[in-house]
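Each remark here refers to the structure printed beneath this line.
4 protein chains.
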Amino acid sequence: MYEKSYGSESFAQVAASLASIARSFYTRDWAVGTSGNLSAVVDREPLRLAMSASGVDKGALLMHLFLLVDEHARVLSEHDAKPSDESLLHIRIVKERGAGAVLHTHSIWNTLLSDLHATAGGLAIEGYEMLKGLHGVKTHEHREWLPIIENSQDMLGLADNVGDTLSKFPDTHGFLLRRHGLYTWGDDPEEAKRHVEILEFLLEVVGRTLLLQRGNRQGRFDDGFGDDSR
Amino acid sequence: MYEKSYGSESFAQVAASLASIARSFYTRDWAVGTSGNLSAVVDREPLRLAMSASGVDKGALLMHLFLLVDEHARVLSEHDAKPSDESLLHIRIVKERGAGAVLHTHSIWNTLLSDLHATAGGLAIEGYEMLKGLHGVKTHEHREWLPIIENSQDMLGLADNVGDTLSKFPDTHGFLLRRHGLYTWGDDPEEAKRHVEILEFLLEVVGRTLLLQRGNRQGRFDDGFGDDSR
Amino acid sequence: MYEKSYGSESFAQVAASLASIARSFYTRDWAVGTSGNLSAVVDREPLRLAMSASGVDKGALLMHLFLLVDEHARVLSEHDAKPSDESLLHIRIVKERGAGAVLHTHSIWNTLLSDLHATAGGLAIEGYEMLKGLHGVKTHEHREWLPIIENSQDMLGLADNVGDTLSKFPDTHGFLLRRHGLYTWGDDPEEAKRHVEILEFLLEVVGRTLLLQRGNRQGRFDDGFGDDSR
Amino acid sequence: MYEKSYGSESFAQVAASLASIARSFYTRDWAVGTSGNLSAVVDREPLRLAMSASGVDKGALLMHLFLLVDEHARVLSEHDAKPSDESLLHIRIVKERGAGAVLHTHSIWNTLLSDLHATAGGLAIEGYEMLKGLHGVKTHEHREWLPIIENSQDMLGLADNVGDTLSKFPDTHGFLLRRHGLYTWGDDPEEAKRHVEILEFLLEVVGRTLLLQRGNRQGRFDDGFGDDSR
Numbered sequence: 001m002y003e004k005s006y007g008s009e010s011f012a013q014v015a016a017s018l019a020s021i022a023r024s025f026y027t028r029d030w031a032v033g034t035s036g037n038l039s040a041v042v043d044r045e046p047l048r049l050a051m052s053a054s055g056v057d058k059g060a061l062l063m064h065l066f067l068l069v070d071e072h073a074r075v076l077s078e079h080d081a082k083p084s085d086e087s088l089l090h091i092r093i094v095k096e097r098g099a100g101a102v103l104h105t106h107s108i109w110n111t112l113l114s115d116l117h118a119t120a121g122g123l124a125i126e127g128y129e130m131l132k133g134l135h136g137v138k139t140h141e142h143r144e145w146l147p148i149i150e151n152s153q154d155m156l157g158l159a160d161n162v163g164d165t166l167s168k169f170p171d172t173h174g175f176l177l178r179r180h181g182l183y184t185w186g187d188d189p190e191e192a193k194r195h196v197e198i199l200e201f202l203l204e205v206v207g208r209t210l211l212l213q214r215g216n217r218q219g220r221f222d223d224g225f226g227d228d229s230r
Numbered sequence: 231m232y233e234k235s236y237g238s239e240s241f242a243q244v245a246a247s248l249a250s251i252a253r254s255f256y257t258r259d260w261a262v263g264t265s266g267n268l269s270a271v272v273d274r275e276p277l278r279l280a281m282s283a284s285g286v287d288k289g290a291l292l293m294h295l296f297l298l299v300d301e302h303a304r305v306l307s308e309h310d311a312k313p314s315d316e317s318l319l320h321i322r323i324v325k326e327r328g329a330g331a332v333l334h335t336h337s338i339w340n341t342l343l344s345d346l347h348a349t350a351g352g353l354a355i356e357g358y359e360m361l362k363g364l365h366g367v368k369t370h371e372h373r374e375w376l377p378i379i380e381n382s383q384d385m386l387g388l389a390d391n392v393g394d395t396l397s398k399f400p401d402t403h404g405f406l407l408r409r410h411g412l413y414t415w416g417d418d419p420e421e422a423k424r425h426v427e428i429l430e431f432l433l434e435v436v437g438r439t440l441l442l443q444r445g446n447r448q449g450r451f452d453d454g455f456g457d458d459s460r
Numbered sequence: 461m462y463e464k465s466y467g468s469e470s471f472a473q474v475a476a477s478l479a480s481i482a483r484s485f486y487t488r489d490w491a492v493g494t495s496g497n498l499s500a501v502v503d504r505e506p507l508r509l510a511m512s513a514s515g516v517d518k519g520a521l522l523m524h525l526f527l528l529v530d531e532h533a534r535v536l537s538e539h540d541a542k543p544s545d546e547s548l549l550h551i552r553i554v555k556e557r558g559a560g561a562v563l564h565t566h567s568i569w570n571t572l573l574s575d576l577h578a579t580a581g582g583l584a585i586e587g588y589e590m591l592k593g594l595h596g597v598k599t600h601e602h603r604e605w606l607p608i609i610e611n612s613q614d615m616l617g618l619a620d621n622v623g624d625t626l627s628k629f630p631d632t633h634g635f636l637l638r639r640h641g642l643y644t645w646g647d648d649p650e651e652a653k654r655h656v657e658i659l660e661f662l663l664e665v666v667g668r669t670l671l672l673q674r675g676n677r678q679g680r681f682d683d684g685f686g687d688d689s690r
Numbered sequence: 691m692y693e694k695s696y697g698s699e700s701f702a703q704v705a706a707s708l709a710s711i712a713r714s715f716y717t718r719d720w721a722v723g724t725s726g727n728l729s730a731v732v733d734r735e736p737l738r739l740a741m742s743a744s745g746v747d748k749g750a751l752l753m754h755l756f757l758l759v760d761e762h763a764r765v766l767s768e769h770d771a772k773p774s775d776e777s778l779l780h781i782r783i784v785k786e787r788g789a790g791a792v793l794h795t796h797s798i799w800n801t802l803l804s805d806l807h808a809t810a811g812g813l814a815i816e817g818y819e820m821l822k823g824l825h826g827v828k829t830h831e832h833r834e835w836l837p838i839i840e841n842s843q844d845m846l847g848l849a850d851n852v853g854d855t856l857s858k859f860p861d862t863h864g865f866l867l868r869r870h871g872l873y874t875w876g877d878d879p880e881e882a883k884r885h886v887e888i889l890e891f892l893l894e895v896v897g898r899t900l901l902l903q904r905g906n907r908q909g910r911f912d913d914g915f916g917d918d919s920r
């Protein structure tokens, strides 16, 4: 494990934070079957990231399973493992947003919603107090547009799509890859984790709201149930 | 951390209880992404509350992250942190109800139901044995009306709405803020925690009952399924 | 805590088992807000049960919170606490079935199903391999009829209803109290716990099957989806 | 417990892995009420498997509750317990696929889907990134066909059905037994566990997609909600 300190965060510090976050995501079923990946910036000039290794059980992710990579996802630390297949996406997000940490989850609700709203190219979430936990958001009267990008195995092409999407939507706090999952980021691992928790929560609220809405013969969500509501 | 003892509860005692409760709420997904807040009365004359700090991860909430505040939410303890943004709501509830502890959760079901029944201004829950765990309720044949208040970032105005609602509904054990969450209280942290667990349970039962009801073409919940019920 | 040994099980042994079971039920959200109760036979002649105390948080239930009671629910051990309000139901079940342990849970799904099928007086569960875990059941081609009894605060009357129901349905492994919860039992705490887990699982399967069935415009559960099924 | 080493895995090693996996499945509600079973190959010539004992609480499954069995499910280790009733299924899967470990879970969603698609004889899952975690799958543009086999108490007949199904679908990574559960396997316990997590995740996504789809009056999943999507 690479132990030298760089810039404002040491590799060991961020790897430990990310490992702890990964295990908590696994517990919540957001990173099962070795899915999901996590990264954090260790230095900016030149760009160095701590990146989770590929194919690791996130419930057992420990510090030593992080690699130091450069901006081309080349491994700099002495390590047998490969970095996550999606390293180029993390790197692009860091560059576009100046993020300090990038997190990727596969959850039931982010997968369902990424599919449901794919044709619209994204989904809007607004009016929830929970949105205030997103960086820079001060009121529940905020409209968060989460873009949905088509999934692809061509990582270079996908990284370009991610970059274009982030340019086109400079205020978004995350995006969905269709039938794949959620990407979000933050200034540091803690903020990125907070963003994941908020967006996963809101995606489930939005999804379940649709179920309640769709089952209603009149098509409206709020039926003025009053005393009938039991 | 402020350690002096006041009245019937010491600050340290209630802060420890509330911290433990916060962590259990986080585990249940009722306080994710730093949402939720908790308070307990340390003294009544003058009014002193232990209040959770603003923006703290409730899964990592420890005793030292509670502040001592007065009835205007001014911080009395030596502490770098800010008290919860919603401190004025806690204070109003304590004053209106003589509560010993106030708890606020953001859950999937309390968020969904706060939205679904907003037009009606509240929802009724009745007939469930679980209602007997609410303070003063002796039978399942109890009708609990949970008012729904529109959310706002104007804390002074919102505290007044809360106060008015509590005066108008003197028997209610809690209320919902639309697209925000649940507030409930108790004589002490343990009772308030019991109330949260009961109301969160019942809100999920009510919500899922609606799904079963709405999917039914005849619109009735109980269809006399008998042997067809599988 | 009463420590003398009786018959085949000592009080300490069964209280420890039940306390552990209670805490696992609380973790599963089957005994929140102090709901639920547990008992086990300590001696048969005369009848002595270890009974959970009333109003205790099941997540914190320890051995010392069990009382020794007789067949009239009178407390024999030196204990400040009251026995569960539903002690008479436990005693009646022990007498009718010769059970060694009786467990009572309040879960989302047992509450929903107890309401949904109330008019039919019960619900049938058949064809599931999971049924084989019920005492005496050797094949999935078993039809389990779970009676639903109307809830009441009149414990004497309710105990009689429970007794009558158990006489009328000698093969049933459990019953539901409407808008209240599930009662099941076993030869010992371990078997009763296994029964709870199996019935709670099956009630959720039955409930979710209804949702899938009701949402289907043709009213059938299996639509021969084949390749459309995604 | 049988401690001699065979071939590439020692009995103790695989029993420890499987016990840990069983307890994690129990925590996820995939092996409640003593359901589920697990095996791993200890030697191939002659065939020797570590097999979970019958009727054991999977939340308490420890290494010593595994038995060494031969290809006829006869117990070779000195052990009072019986091997799992479904040992012959594990053995057949090992022979047909050359698997190193076989895992069987009973979950809410695998039970629901096994029933829903029974008439079609199976269900297809395609287009999800999560499929890439299955052995040999390199892209999300993979179509996984999960056969559904009718359940039976005739283990010999059922083992033959399993064998025939595996021959007929040489690429499948698992199969469902109707109203019973999921069987999957891998080169070792870790891979089999990864397969369970992936398939259980995808079965829930498929099931919940159906609910969202069925509730939609137009019958389409993606309605181009755009800004209406809340």
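Taken in order, these protein sequences are the chains called A, B, C and D.
Numbering-wise (this note's numbering), the first sequence opens with residue 1 and increments by one.
Numbering-wise (this note's numbering), the second sequence opens with residue 231 and increments by one.
Numbering-wise (this note's numbering), the third sequence opens with residue 461 and increments by one.
Numbering-wise (this note's numbering), the fourth sequence opens with residue 691 and increments by one.
Idealized CB from N, CA, C, for every residue including glycine.
Please read all numbers here as calculations on a predicted model, not as lab measurements.
C-alpha distance - residue i paired with residue j, whole-angstrom precision
{"i": "C:Lys-592", "j": "D:Thr-801", "result": "15 Å"}
{"i": "C:Ser-512", "j": "B:Glu-371", "result": "25 Å"}
{"i": "A:Arg-92", "j": "A:Ala-60", "result": "27 Å"}
{"i": "A:Leu-68", "j": "B:Ala-261", "result": "34 Å"}
{"i": "B:Phe-465", "j": "B:Leu-319", "result": "The displayed coordinates of chain B run from 231 to 460. Any statement about residue 465 of chain B would go beyond what the structure contains."}
{"i": "D:Ala-730", "j": "D:Tyr-716", "result": "18 Å"}
{"i": "D:Ala-702", "j": "D:Met-753", "result": "7 Å"}
{"i": "B:Ala-350", "j": "A:Thr-184", "result": "36 Å"}
{"i": "C:Leu-672", "j": "B:Leu-441", "result": "11 Å"}
{"i": "D:Arg-920", "j": "B:Ala-331", "result": "In this prediction, D:Arg-920 scores a pLDDT of 33, lower than 50, which makes its location untrustworthy; the coordinate-derived value is nonetheless stated afterwards. Each residue's alpha carbon lies about 34 Å from the other."}
{"i": "B:Asp-418", "j": "B:Ala-389", "result": "21 Å"}
{"i": "A:Leu-113", "j": "A:Val-137", "result": "23 Å"}
{"i": "B:Phe-431", "j": "B:Pro-276", "result": "36 Å"}
{"i": "D:Ala-814", "j": "D:Glu-840", "result": "17 Å"}
{"i": "A:Ala-50", "j": "A:Thr-165", "result": "24 Å"}
{"i": "C:His-539", "j": "C:Lys-518", "result": "18 Å"}
Beta bridge counterpart(s) of residue i as assigned by DSSP
{"i": "C:Glu-664", "result": "Partner(s): none; C:Glu-664 has no beta bridge."}
{"i": "C:Ser-512", "result": "C:Phe-526"}
{"i": "C:Thr-644", "result": "C:Leu-563 and C:Gly-634"}
{"i": "D:Arg-833", "result": "D:Glu-816"}
{"i": "C:Asp-503", "result": "C:Arg-508"}
{"i": "C:Leu-498", "result": "C:Leu-563"}
{"i": "A:Val-75", "result": "A:Val-69"}
{"i": "C:Pro-543", "result": "C:Ala-513"}
{"i": "C:Ile-608", "result": "C:Leu-636"}
Supposed contact pair residue j and residue i - C-beta distance, whole angstroms, cut 8 Å
{"i": "D:Leu-846", "j": "D:Leu-866", "result": "The Cβ separation is near 20 Å, so there is no contact."}
{"i": "A:Arg-208", "j": "B:Ile-338", "result": "7 Å"}
{"i": "D:Glu-819", "j": "A:Arg-179", "result": "6 Å"}
{"i": "B:Val-272", "j": "B:Val-244", "result": "6 Å"}
{"i": "B:Gly-266", "j": "B:Ala-252", "result": "7 Å"}
{"i": "A:Ala-73", "j": "A:Pro-83", "result": "6 Å"}
Neighbour list for residue i in chain E, Cβ cutoff strictly below 8 Å
{"i": "A:Leu-210", "result": "Of the chains in the structure shown, none is chain E; the protein chains are A, B, C and D."}
Near-chain D residues of the region 155-185 of chain A - C-beta to any C-beta below 8 Å = With the criterion set as a beta carbon lying under 8 Å from some beta carbon of chain D, the members of the region 155-185 of chain A are Leu-177, Arg-179, His-180 and Gly-181, in sequence order.
Chain D contacts from the region 133-157 of chain A (Cβ-Cβ distance under 8 Å) | Flagged, chain order: Asn-151 and Gln-153.
Could you list the residues in the region 121-132 of chain A with a C-beta less than 7 Å from some C-beta on chain B, going in chain order?
-> Residues passing the 7 Å Cβ filter: Gly-127, Tyr-128, Glu-129 and Met-130.
Return the residues of the region 493-524 of chain C that lie within a Cβ-Cβ distance of less than 7 Å from chain D, sorted by chain order.
-> Taking 7 Å as the Cβ-Cβ cut-off, the region 493-524 of chain C has no residue approaching chain D.
Please list the residues of the region 190-207 of chain A that have a C-beta atom closer than 7 Å to any C-beta atom in chain B, keeping them in chain order.
-> Against chain B - using a Cβ distance shorter than 7 Å - the residues of the region 190-207 of chain A are Arg-194, Glu-197, Ile-198, Phe-201, Glu-204 and Val-205.
Which residues, in chain order, does the region 91-112 of chain A contribute to contact with chain D at a C-beta distance below 8 Å?
-> In summary, the residues of the region 91-112 of chain A whose CB is separated from some CB of chain D by less than 8 Å are His-106, Ile-108, Thr-111 and Leu-112, in the order they occur in the chain.
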